[in-house]
Amino acid sequence: MTQITDEKPPVEKPPVRFQRSNYIVSDLDRALPVYTDVLGLDLVFVKDSAEDSYSYEVFQIDRSAKMRFAVLGTPTQPNCMALTELKGIDLADVPLPSRSAIVLECTDFDGVMRRAKAAGLTVFEEGNLVTKDGRKGRELGFLDHDGNLIVIYLILEHPE
Amino acid sequence: MQGLFNIRNLWRLAPYAFFCALMVGGAQAVAQDEVRFQRSNHLISDLDTALSVYRDVLGLKLVAVRALPKGGYAYELFQLPAEADLRFAVLSSDSQSNILALTEVKNTSFFEAGGQSALSRVGIVLEVQDFDGVIARAKTAGLTMFAENAFTTSDGGAGRQQGLLDFDHNLIVIYQIIK
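Sequence order for the protein chains is L and H.
Going by this note's numbering, the first residue of the first sequence is number -18, and it counts up by one from there.
Going by this note's numbering, the first residue of the second sequence is number 293, and it counts up by one from there.
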């Protein structure tokens, strides 16, 4: 598992820092448009993973699988998301109920929803978002082509 | 997922305070990114047990815990049965507000039915400074540990990394840059 450093020393680092979330996908070329074209994340790089990649061990991936690794980010959050492609093994869709989700704030909510539907993704009904402090907005969940859950939201109203 | 988002008011306070300070000072607001990664969210079977990992082992800060309303959006998104009871916890690091959430699912046979295959399909990666301390605490907690691994970074650095599974088999990879 290649690590990508985001921050420049010698700024004192916090004891723990969230680096990224990582989804397993069966076809990177199919998955990437969801995260780039639909969601608007920036593709940082794609690389073939080494045969001794640590991901084989921690994800419990059969060593016969070929692996590619893509890193994505936003302008202010470099490398916050990764996709690991597995080829050469049978990778069934993520079973439901979903066990995890990534949550993204999207200013172009309607655009993302439109593009997700156009891409043929499983799109859930839109939800009304009402926060504890009275903010109101919209939220929408959809699944990528492998069944990984993505939730987007947009805040529309802030309390006085 | 109406309830899941209620917590976000907490982390919103800090940016607002900062934003207000900018306004008072006459500065222009910074344009918001079109997309922003808010958090990763894991489903877990017992929140107290899970917090012993994410808070006590890893050192993340617990921001808030609340019950989620029946029939909320989380039920649809995660395709959870209506009888399930949900609690939602949000955690932060010192520099990242509300970056991780844990959703406890009770009163359902989901976890007992083996809702997780052997192959992990999602992982989170955390940079830690007290690598050995985290590993020691993880072992004490009885977590499944993978072997430690050395790695090099894209810019020539080097470090160590180690994977572990929480009590619901969610994958966590910690790493530390050595040089």
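Here a beta-carbon is modelled for each residue, glycine too, at the ideal position from N, C-alpha and C.
None of these values were measured; they are calculated from a predicted model.
- Separation of the CB atoms of residue 467(H) and residue 419(H) is rounded to 6 Å, and the pair is thereby assigned contact status at 8 Å.
- Take residue 132(L), set aside five residues on each side of it, and the residues of its chain with a beta-carbon closer than 6 Å to its own are 82, 84, 122, in chain order.
- Counting C-beta atoms within 10 angstroms of its own C-beta, residue 373(H) has fewer than 16 neighbours from the protein chains shown and is therefore classed as exposed.
- Of all residues in the region -2 to 23 of chain L, only -2, -1, 0, 1, 2, 3, 4, 5, 20, 21, 22 place a beta-carbon less than 8 Å from a beta-carbon of chain H.
- Residue range 423 to 433 is occupied by the alpha helix (DSSP H) that includes residue 427(H).
- Within chain L, the residues placing a beta-carbon under 7 Å from that of residue 352(H) are -3, ordered along the chain.
- For the region 44 to 70 of chain L, the residues whose beta carbon sits under 7 Å from a beta carbon of chain H are, in order, 55, 56, 57, 58, 61, 62.
- Neighbourhood of residue 40(L) in chain H, by CB distance below 7 Å: 411, 412, 415, 463, in chain order.
- The alpha carbon of residue 375(H) has as its nearest neighbour, out of 362(H), 426(H), 459(H), 353(H), the alpha carbon of 362(H).
- Short of 8 Å from the beta carbon of residue 7(L), and not among the five residues preceding or following it, lie these beta carbons of its own chain, in chain order: 66, 67, 68, 72, 126, 127.
- Note on geometry: alpha-carbon atoms of residue 5(L) and residue 380(H) lie some 25 Å from one another.
- Put simply, of 70(L), 102(L), 61(L), 59(L) the residue whose alpha carbon is nearest the alpha carbon of residue 37(L) is 70(L).
- The Cβ of residue 328(H) sits closer than 8 Å to at least one Cβ of chain L.
- The straight-line gap separating the alpha-carbon atoms of residue 390(H) and residue 382(H) is approximately 6 Å.
- Taking 7 Å as the cut-off between beta carbons, the residues of the region 372 to 395 of chain H near chain L are 372, 385, 386, 387, 388, 391, 392, in sequence order.
- Proximity of the region 94 to 102 of chain L to the region 322 to 340 of chain H falls short of the contact definition, fewer than three beta-carbon pairs being nearer than 8 Å.
- Contact annotation: residue 417(H) and residue 465(H) have beta-carbon atoms nearer than 8 Å.
- The region 86 to 93 of chain L and the region 47 to 56 of chain L do not touch, with fewer than three beta-carbon pairs separated by less than 8 Å.
- Annotation: the continuous beta strand (DSSP E) that includes residue 59(L) extends over 58 to 68.
- Exposed is the label assigned to residue 470(H), since fewer than 16 other Cβ atoms lie within 10 Å of its Cβ.
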